[in-house]
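A.B. asks:
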Amino acid sequence: MAEMLLTLLDWRRRLNDLYAEVRRLHPHDPPAAHAHWQAVRNDLFRHHPQSPLPPDGRRGFTALPVWPYDPAFAFTAALETDLPPEAFTVQTSAGHPMPLVRVGRARLKNDVHDLGTLDVYWIDVYGGGLFLPFRDAGSGQSSYGGGRYLLDTVKGADLGSLPDGSLVLDLNFAYHPSCFYDPQWSCPLAPPQNKLRGEVRAGERKEPAPA
């Protein structure tokens with residue numbers, strides 16, 4: 000038990016270090032930040048005892064399938080906080096309730112795309128953390144039907160903010176929750192209403208079907 004918890008501690012530390020480096024690189028070279036993010040995640044998934052992949056899934060593993068970096072899916076957004084706070088629960092992949100509190104809303108709009116808005120949540124349990132799960136038109140087809148995560152700060156996934164407080168919401172860093180890889184993991188599913196317009200062909204994806 001103690002050994003398992005210490006490996007989990009190491010996993011969390013490595014994720015925190017990863018995202019600290021992403022935040023350092025991203026303002027000047029987003030593709031380099033993305034390449035670093037991919038390389039470290041691939042190494043963790045391949046070698047770390049806390050890898051979400053089951054042991055038999057690590058044999059022969061080379062890399063997580065990810066769309067090439069596309070700046071058209073990089074956004075920054077001021078968080079709209081003049082909404083009434085809303086507390087509710089979402090279901091996890093194992094059918095358990097997870098309490099969330101909405102802290103604001105972000106509009107994902109740039110010169111190329113207007114994908115709509117996403118609610119940003121606080122996980123309302125010990126440890127808390129900002130949490131941004133989402134779905135899109137590709138959920139269940141090119142990506143996991145339960146949605147993907149962009150921010151989960153209690154576990155290190157934090158792309159940072161601009162000096163004015165706007166959140167960095169670069170969808171190229173969207174990733175699948177652990178339960179996508181192995182049903183032994185329990186993870187909160189993206190609320191159905193937190194869905195973007197169109198298919199987000201950025202971030203982690205399902206393995207493409209053989210031609």
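The opening residue of the sequence shown carries number 0 in numbering that gives the first Met the number 0; numbering runs sequentially from there. Using N, Cα and C, we set each Cβ at its ideal position, and we do this for glycine too.
Quick check on residue 156: buried or exposed, where buried means 16 or more other Cβ atoms within 10 Å of its Cβ?
C.D. replies: buried
A.B. asks: Which of helix, strand or coil does DSSP assign to residue 198?
C.D. replies: coil
A.B. asks: Smallest Cα separation from residue 186: which of 144, 163, 3 and 207?
C.D. replies: 144
A.B. asks: What is the DSSP secondary structure of residue 189, reduced to helix, strand or coil?
C.D. replies: Secondary structure of residue 189 (DSSP, three-state): coil.
A.B. asks: Counting along the chain, where does the alpha helix (DSSP H) carrying residue 133 start and finish?
C.D. replies: Taken as a continuous stretch (DSSP letters only), residue 133 belongs to no alpha helix (DSSP H), being part of the beta strand (DSSP E) at 129 to 133.
A.B. asks: In the DSSP assignment, the beta strand (DSSP E) including residue 56 goes from what residue to what residue?
C.D. replies: Counting along the chain, residue 56 falls outside any beta strand (DSSP E), though it belongs to the alpha helix (DSSP H) covering 54 to 57.
A.B. asks: Enumerated in chain order, which unbroken segments of the beta strand (DSSP E) with a length of 3 residues or greater are wholly contained in the segment 20 to 77?
C.D. replies: Uninterrupted beta strand (DSSP E) stretches at least 3 residues long and entirely within the segment 20 to 77 occur at 73 to 76, given in chain order.
A.B. asks: Short of 7 Å in beta carbon distance, which residues of its chain neighbour residue 39, apart from the five on each side in sequence? Order them along the chain.
C.D. replies: Contacts found: 17.
A.B. asks: Suppose you measure from the CA of residue 189 to the CA of residue 94; what does that come to, to the nearest Å?
C.D. replies: 13 Å
A.B. asks: For residue 125, which of 110, 55 and 97 has the nearest alpha-carbon?
C.D. replies: 97
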